[in-house]
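Engineer: Numbering (the UniProt record's numbering) for the sequence shown: 6 to 389.
The beta-carbon is built from N, C-alpha and C at its ideal position, and this holds for glycine as well.
Predicted model only: the values in this text are computed from it and were never measured.
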Amino acid sequence: GSSEFDLYRPSEEHDMLRDAVRSLAEAKIGPHAAAVDEEARFPQEALDALTASDLHAVHVPEQYGGTGADALATVIVIEEVARVCASSSLIPAVNKLGSLPLILSGSEELKTKYLGPLAKGDAMFSYCLSEPDAGSDAAGMKTRAVRDGDSYVLNGVKRWITNAGVSEYYTVMAVTDPGKRSKGISAFVVEKSDPGVSFGAPEKKLGIKGSPTREVYLDNVRIPADRMIGAEGTGFATAMQTLDHTRVTIAAQALGIAQGALDYAKGYVQERKQFGKPIAEFQGVQFMLADMAMKLEAARQLTYAAAAKSERVDSDLTFFGAAAKCYASDAAMEITTDAVQLLGGYGYTRDYPVERMMRDAKITQIYEGTNQVQRIVMARNLPK
Ligand code: CAA
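In C-alpha cells:
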C-alpha cells in the first residue's frame with residue numbers, strides 16, 4: 006500500500022544528506038581513488054574526511070555518542086562514498102557490520118565501552134565470522150573459545166577480515182560448545198591489543214584494493230568473560246541477524262559503484278565522436294544506457310525497501326536483505342561491465358575509472374554471503 010511506499014521514500018533530510026556526502030566524496034575521497042587502487046593502500050584521506058564530518062560510523066545510536074542515522078541514511082552515505090571510491094565505502098559499511106552484533110545483542114556495559122570510541126572516530130570495528138575452511142558454511146567454524154574462570158581463551162584463524170589491522174575492535178564468532186553446530190557458537194569482542202592477536206599478510210585482490218583484507222590469528226587470546234556478546238550459544242544467530250541488516254549496506258555499495266560507472270559513461274558518450282557525431286547519438290549506445298539506468302533504478306528501489314525493513318526490523322527483512330544484496334550486486338556487475346564496453350579500448354585502461362569500478366563491483370557478488378547463498382536465504386524466507 007501507499008504507507009509502505011512512504012516508509013522508504015527518502016525524506017528531505019535524506020536528500021540533504023546525500024548532497025552533503027556527495028560534495029565531500031567528490032572533493033576529498035574521489036581524487037585519491039585511483040592512487041589508492043594502484044598502490045593498494047588504505048584510504049587514510051577518506052577516513053580523515055569521513056571522521057571529520059561524523060560520517061565514518063553514522064549508524065551508532067545517539068545514546069552511545071553516535072549520530073543515530075537510520076538505515077536509509079546509512080545506505081545513502083555508503084552509496085555516495087562508493088560512487089567515487091568503493092574501498093573507502095567499506096569504512097562506514099564495515100564499522101556497521103563489526104559493531105551491529107553488539108548493538109543488537111550486547112550488554113549496556115559493553116555497548117558503552119566500545120561504541121563510544123567507534124562513534125568518536127578513535128576506533129574502527131571489524132567482523133570475524135569466516136575461516137579458511139568455513140566460508141558459505143559459516144556454522145562449520147573451528148575457532149574455539151574455552152571458559153577458564155572469569156575468562157575465555159580463544160584459539161583459531163579468521164579469514165577475509167575486512168579492515169583487519171586497521172580496526173581496534175573485532176567481533177569474533179567462536180565455538181563454545183562443540184557438537185552443537187550453530188547453537189554452540191558465541192560472539193565476543195576482541196581488541197587488537199589483546200595479547201595473542203596478530204594478522205596475516207594483506208590479500209592481493211582483484212578490486213577494493215584500498216581496503217585491507219587479512220587473516221586474524223588468535224593464539225591463546227585470554228579475554229574477560231564479560232566480553233561475550235549476549236548469552237552463550239547465541240553467537241551464530243546474532244551473526245546471521247547482523248547480516249540481514251548489513252547485506253543492505255552491500256547493496257548500497259553496489260548501487261554507488263554502478264552509479265559512478267553510469268555517470269562516467271553518460272558523460273563520455275557525449276564527448277566521444279565517431280562517424281562524425283557523438284556516439285551518444287547512436288541508438289545502440291542509447292539502448293545500453295537505458296538498460297543500465299533501468300537496472301540501477303530497480304536495484305535502488307529494492308535496496309531502499311530493504312532499508313525500511315532494516316529500520317523497522319520487519320519480519321521480511323531476511324528475504325529483503327538477501328534480495329537487495331543479490332540483485333544490486335548483479336546489476337552493478339552488469340552496469341560496470343557495460344560502462345567499460347561504452348568506453349571501448351579506453352575503458353579497458355587505468356587511464357579511466359570504469360575498469361576499477363568493474364573490478365570493485367565483483368566483490369559485492371561474493372562477500373557477506375555469495376549470491377548463491379543469498380538464494381538459499383531467500384528460498385528459506387520467502388516474503389509473507
Ligand atoms: N536471523 C536470526 N537467526 C538466524 C538467522 C537469521 N537471519 N538465520 C539463521 N539463524 C539462526 C537460527 O537460530 C537457526 O536455528 P533454527 O533452525 O533453530 O532456526 C540457526 O541460526 C542455524 O541456521 P541455519 O540452519 O539456517 O544454518 P545453516 O548452517 O544452514 O546456514 C546459511 C545457513 C544461510 C548458509 C549461513 O551459513 C550463511 O549465511 N552463510 C554465508 C555466510 C556469510 O554471509 N558470510 C559472510 C561473512 S562477512 C564478510 O563477508 C566479511 C566482510 O568483511 C565484508
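By the three-class DSSP mapping on this structure, what secondary structure does Gln-258 have?
Structural biologist: helix
Engineer: Can you have a look at Glu-136 and say buried or exposed, based on whether 16 or more other CB atoms are within 10 angstroms of its CB?
Structural biologist: buried
Engineer: Once the 5 residues before and after Met-297 are set aside, which same chain residues still bring their CB inside 7 Å of it?
Structural biologist: When the five nearest sequence neighbours on each side are left out, the beta carbons in the same chain lying within less than 7 Å of the beta carbon of Met-297 are those of Leu-267, Ile-340, Asp-343, in order along the chain.
Engineer: To the nearest angstrom, report how far apart Phe-241 and Ala-179 are at their CA atoms.
Structural biologist: 9 Å
Engineer: Using 8 Å as the cut-off, can you tell me whether the stretch 22–39 makes contact with the stretch 81–94, which would need three or more C-beta pairs spanning the two stretches below that distance?
Structural biologist: yes
Engineer: Distance, Cα to Cα, Gly-145 vs Glu-237?
Structural biologist: 17 Å
Engineer: Any heavy atom of the ligand CAA inside 7 Å of the beta-carbon of Leu-387?
Structural biologist: no
Engineer: Please go through the stretch 72–160 and give each complete alpha helix (DSSP H) segment of 4 or more residues, from N-terminal end onward.
Structural biologist: If we require 4 residues or more, the alpha helix (DSSP H) runs fully inside the stretch 72–160 come out as 76–89, 91–110, 113–125.
Engineer: In chain order, what residues of the same chain lie with their CB nearer than 8 Å to the CB of Ser-7, ignoring the 5 residues before and after it?
Structural biologist: Note that Ser-7 scores a pLDDT of 43, beneath 50, so its modelled location is shaky; the value from the coordinates is reported in the next line. No residues qualify anywhere along the chain.
Engineer: Is the Cβ-Cβ distance between Ala-329 and Ala-256 less than 8 Å?
Structural biologist: yes
Engineer: Helix, strand or coil for Gly-6 per DSSP?
Structural biologist: Caution is warranted here: a pLDDT of 38 is assigned to Gly-6, below 50, making its placement in the model unreliable, and the coordinate value is therefore given only provisionally. Looking at Gly-6 - three-state DSSP - the assignment turns out to be coil, as it is neither helix nor strand.
Engineer: Taking only three categories from DSSP, how would you classify Lys-163?
Structural biologist: strand
Engineer: Please report how far the alpha carbon of Lys-185 lies from the alpha carbon of Ala-310, in whole angstroms.
Structural biologist: For the pair Lys-185 and Ala-310, the Cα-to-Cα distance works out to about 35 Å.
Engineer: Determine the contact status of Gly-352 and Val-359, defining contact as a CB-CB distance below 8 Å.
Structural biologist: Going by C-beta atoms, Gly-352 is nearer than 8 Å to Val-359.
Engineer: What are the boundary residues of the beta strand (DSSP E) that Pro-15 is part of?
Structural biologist: Counting along the chain, Pro-15 falls outside any beta strand (DSSP E), and DSSP gives it neither H nor E.
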